[in-house]
Amino acid sequence: MLVSNWPNAIAHVDADCFFASCEQLRRPDLKGRPICVLSSQDACVVAKTYDAKAAGITTGMPVWEARRKMPDAIFLSADFRYYGQISDKLFAILRRYSPVVEEYSIDEGFMDLNGLRSLYRKPYRAIADDIRNTVRHEAGITVSVGISVTRTLAKMASEYNKPDGTTIVAGRCIHDFLERVSVRDIPGIGGNRQALLNKFGIRSAADFVDVPEREIRRLLGKAGTDLWHELNGTPLYKVGTEARLPRSVARTASMGEVTQDRQTIRAHLLNHAMRLSRELITKRLTAGQLTVFLTLKSFDKQASTSDLPYPSADYFLLAGEAGRALDELYDPDRHYRACGLIASDIAMRQPGSFDLFQMAEQRQEEKHLQLLETLHAINHKYGANVLSICGAMQKRRAGGEMGRFGYPVLECG
Ligand SMILES: [Mg+2]
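Position 293 of the sequence shown, counted from 1, bears residue number 377 in my numbering, the numbering being contiguous throughout.
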């Protein structure tokens, strides 16, 4: 445990019930009422207020089930573009307090606060309260703020006193704080890991840090020991400054077999397209160019690069391009072992990257991004691939905007 209180200071700011709060902001008549925000096709719940949660409604729950649990709740379709505008306001406020702000997701961010106590002549608790009040007044939503010596502790602190709370965990108070938190509340410890740790008598986060490092390594590997150090007050993860744009983003892998089967290769490419799209969407990036490559049994590579019709992160567009390139490259007499996609000409996603003649494409892309964001939000909450796009492998004869790919079917797994 640390002997000094503030060798390092990181804040985690997290909006409370963000989507639902945004809805209450533009419709004050909904204030104080239970709200469920639904995925873009209104199939399931993607966010809810605390009272809806208390009624047993969970993220990812089908809408009919949520309606049965709470018939008087308000059910609204998600409007990610609007939530993005509120998010922009939130982060603009945070950047007034610290030049080093990392947008971790649409409604949460990390701030490097080192040195700011003397600048503001205030203790960290007062700075945190200031941030909360400013966000409430100017952005119209509430946030919870945690400040501690590492990212992981700051994140656990912001979670500790929700909604609209401040939690400060100085170096010397870490152990006291961890005693009040379950291992389940450590970011990265899911149900399975919790069960494993409980078997070894590790129940609270304090139990976790009291176990020797080598024991954590044995149980959870490197990811576990990284967490162990962060919880012991040793910062391993820094607050990322303004992300520099990557030159390219790639998703490639061996297919695990040598194959001549076009459908198998297509299935791998579509999987890569989904992963690539998710990466671009979460980092708010777009690609202007896509390279599709196939690796032959001989390890020779064949590639095809094309310009996308507009800068995009849309899975459906990437998947369509990947399919077209596969048709061009594929030779039924050859054997293939690996394939992949490389997105290049990377830019920050911004409204207005379409020209006037692309209004229809823009509307279509917005719909797709809403669907994909919902899907990723649910997967983020419930573990990768709870929801996946399937049916995309099925060949369709008709042409149309989507090429040969079937419309996606959302599957709960
Ligand atoms: Mg939040």
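Ideal placement from N, C-alpha and C gives every residue a C-beta, glycine not left out.
All of these numbers come straight from a predicted model, not from anything done at the bench.
| Query | Result |
| --- | --- |
| Do Ala406 and Leu353 have their CB atoms nearer than 8 Å? | yes |
| Going by beta-carbon coordinates alone, are Lys465 and Thr133 separated by less than 8 Å? | no |
| Name, in chain order, the residues that DSSP records as bridge partners for Phe175. | DSSP lists no partner for Phe175. |
| Measure the alpha-carbon distance for Asn92 versus Asp214 and round it to whole angstroms. | 20 Å |
| Any idea which residues DSSP pairs Lys239 with across the strands? | The partner list for Lys239 (beta bridge, DSSP) is empty, contrary to what the question assumes. |
| Just jot down, in chain order, the residues whose CB lies closer than 6 Å to any heavy atom of ligand 1. | Asp98, Ala99, Phe102, Asp191 and Glu192 |
| With H, G and I counted as helix, E and B as strand and the rest as coil, what does DSSP make of Pro112? | helix |
| By the three-class DSSP mapping on this structure, what secondary structure does Arg298 have? | helix |
| Would Leu510 and Ala95 be called neighbours here (beta carbons separated by less than 8 Å)? | The requested residue 510 is not part of the displayed model; the chain covers only 85 to 497. |
| In the DSSP assignment, the beta strand (DSSP E) including Tyr188 goes from what residue to what residue? | Val185 to Ser189 |
| Grouping DSSP H, G and I as helix and E and B as strand, with all else coil, what is Phe292? | helix |
| I'd like the list of long-range same chain contacts for Ile177, defined as Cβ closer than 7 Å, with 5 residues on each side in sequence excluded. | Thr218, Val219, Glu222 and Ala223 |
| For Ile215, does the three-state DSSP call read helix, strand or coil? | helix |
| So, helix, strand or coil for Tyr508, using DSSP? | Past the edges of the chain, shown from 85 to 497, lies residue 508, and the structure says nothing about it. |
| Roughly how many angstroms separate the alpha carbons of Lys451 and Val267, rounded to a whole number? | 38 Å |
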